[in-house]
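Position 323, counted from 1, in the sequence shown is what numbering that gives the first Met the number 0 calls 322; the numbers after and before it change by one each time, with no gaps.
Beta carbons are placed, not taken as given, at the ideal position from N, Cα and C, and that holds for glycine.
Please read these numbers as outputs of a predicted model, since none were measured by experiment.
Here is the structure we will look at.
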Amino acid sequence: MIIDNAVYVGGRRAAHPETLEQTFETLEAVGGSMAWIGLYRPTPEEMAEVAQEFKLHDLAVEDAINAHQRPKMERYDETLFTVLRPARYVDETETVEFGELHIFTGPNFVVTIRHAETAGVGLVRKRLEADSDLLGLGPDAVLYALLDRVVDDYKPVVAGLENDIDEIEDQLFANDQAVSRRIYELTREVLQFQRAVHPLTRLIETLEAGFGERENDIELQRRLRDVHDHIEHIVSRADSFRDILQNALVLDGTLTSNRQNETSLAQNEQVKRISSWAAIFFAPSLVAGIYGMNFRGMPELEWAYGYPYALGLMVVAGFILWLIFKRKQWL
């Protein structure tokens, strides 16, 4: 699916071809022009047409069609193939959604391929069309602007993850039973975020130094240094998030273990109390059971003080047991 298709001359849109064939014809007819073709989940036939015209390498085309690539930059002759992983924070679900953007840049063309619903590429095109001086620097300027946009979009993601981690710290000390699962979910998102941002440091350094024989304009190098600073900060924050979540996971395990120990101790104390009172009440029951057998040969049956003696024996035996358990702190 073709999202946008234009030919630029001197940083200004000179033609808006309706088909890829017209784009190729205009590009050949107008000297010093640059084509920018925006595709969304293109079919193999569309990619084959673009690849044939711009002589894109088969391996890069295969990656662009299949998607699910890590962030990277590869050179095929005069063409750069760049993969970026845009991300956005979804407030409603408190999750991070990742997209995939493939960029082919050559001497006089840019082909952008999206594999997710995002308005980032369209916004970059509008920004560059409003800045003809920057767009006039050619395909490298487009690549810079796309990279800058992706990095800028990481900032709300960092803020969202930071807020989620703050909430986890509150949940930990509130004995929230769902905090363990939330920590695991956030850890998975942070790991995915790290995989998206870590490769960009090397990628930007490559662009700053120039890729092979292609040297970046000095203005682009300055702008790339600014993006480099931003991505370094984001990488640092992502790494700190992972450390915080690992510590939170350890703390959660410790708190859970302490709660289980406290519960076990409380249960043990309860068992001690129940056992103690059971033993105290067992002593009178034993005496009553013996004297309740009514055998003729029992000497106390004819004794006038037998009844009060039995009652006193019950009380004394129970009191002695109570003292013993009290000293042992079972009661």
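Whose CA, out of the options, lies closest to the CA of residue i?
| i | options | result |
| --- | --- | --- |
| proline 85 | Arg148, Asn174, Thr94 and Glu44 | Arg148 |
| threonine 94 | Gly121, Ile273, Leu190 and Ile319 | Leu190 |
| threonine 104 | Glu128, Leu134 and Pro138 | Pro138 |
| isoleucine 273 | Thr18, Ala13, Ser131 and Trp329 | Trp329 |
| glutamate 99 | Asp62, Ala144, Lys271 and Thr78 | Asp62 |
| asparagine 174 | Ala50, Pro41, Met0 and Ala247 | Ala247 |
| histidine 67 | Ile112, Asp76 and Met33 | Ile112 |
Pull up the distance between the alpha-carbon of residue i and that of residue j, whole angstroms please.
| i | j | result |
| --- | --- | --- |
| glutamate 48 | leucine 142 | 22 Å |
| asparagine 162 | leucine 122 | 27 Å |
| histidine 232 | threonine 200 | 10 Å |
| leucine 244 | glutamate 168 | 10 Å |
| threonine 186 | alanine 140 | 35 Å |
| glutamate 212 | leucine 146 | Unreliable positioning characterises glutamate 212 in this predicted model, as indicated by a pLDDT of 46, which lies under 50. The coordinate reading is nonetheless provided below. One C-alpha to the other measures close to 21 Å. |
| tyrosine 39 | leucine 55 | 18 Å |
| valine 315 | tryptophan 321 | 10 Å |
| histidine 229 | aspartate 130 | 22 Å |
| lysine 327 | serine 275 | 10 Å |
| alanine 59 | methionine 0 | 19 Å |
| threonine 25 | glutamate 204 | 34 Å |
| glutamate 96 | tyrosine 153 | 11 Å |
| glycine 311 | leucine 171 | 56 Å |
Considering only the beta carbon of each residue, do residue i and residue j sit closer than 8 Å?
| i | j | result |
| --- | --- | --- |
| isoleucine 182 | aspartate 251 | yes |
| isoleucine 36 | valine 110 | yes |
| leucine 156 | phenylalanine 192 | Note on residue identity: the sequence assigns valine, not leucine, to residue 156. Yes, the Cβ-Cβ distance between valine 156 and phenylalanine 192 is below 8 Å. |
| valine 196 | valine 226 | no |
| glycine 216 | leucine 134 | The question names glycine, but residue 216 is aspartate in the sequence shown. In this structure, leucine 134 does not lie closer than 8 Å to aspartate 216 by Cβ. |
| leucine 127 | alanine 115 | no |
| arginine 74 | valine 82 | no |
| valine 29 | alanine 13 | yes |
| leucine 160 | glutamate 188 | yes |
| phenylalanine 80 | glutamate 52 | no |
Where does the unbroken beta strand (DSSP E) through residue i begin, and where does it stop?
| i | result |
| --- | --- |
| alanine 34 | 32-39 |
| methionine 72 | 71-75 |
| glutamate 96 | 94-97 |
| tryptophan 87 | The sequence given here places arginine at residue 87; tryptophan does not occur at that position. Residues 86-89. |
| valine 8 | 1-8 |
| threonine 117 | First-last for threonine 117: undefined, no H or E at that position. |
Verify the contact flag: residue i, CB atom, against every heavy atom of the ligand NAD, threshold strictly below 7 Å.
| i | result |
| --- | --- |
| threonine 104 | The model on display carries no ligand, and the ligand NAD is accordingly not part of it. |
Taking the continuous alpha helix (DSSP H) assigned at residue i, which residues delimit it?
| i | result |
| --- | --- |
| arginine 181 | 178-208 |
| alanine 59 | 57-65 |
| aspartate 139 | 138-172 |
| valine 49 | 43-53 |
Could you tell me whether the region 2-15 touches the region 90-105, where touching means 3 or more Cβ pairs closer than 8 Å?
no
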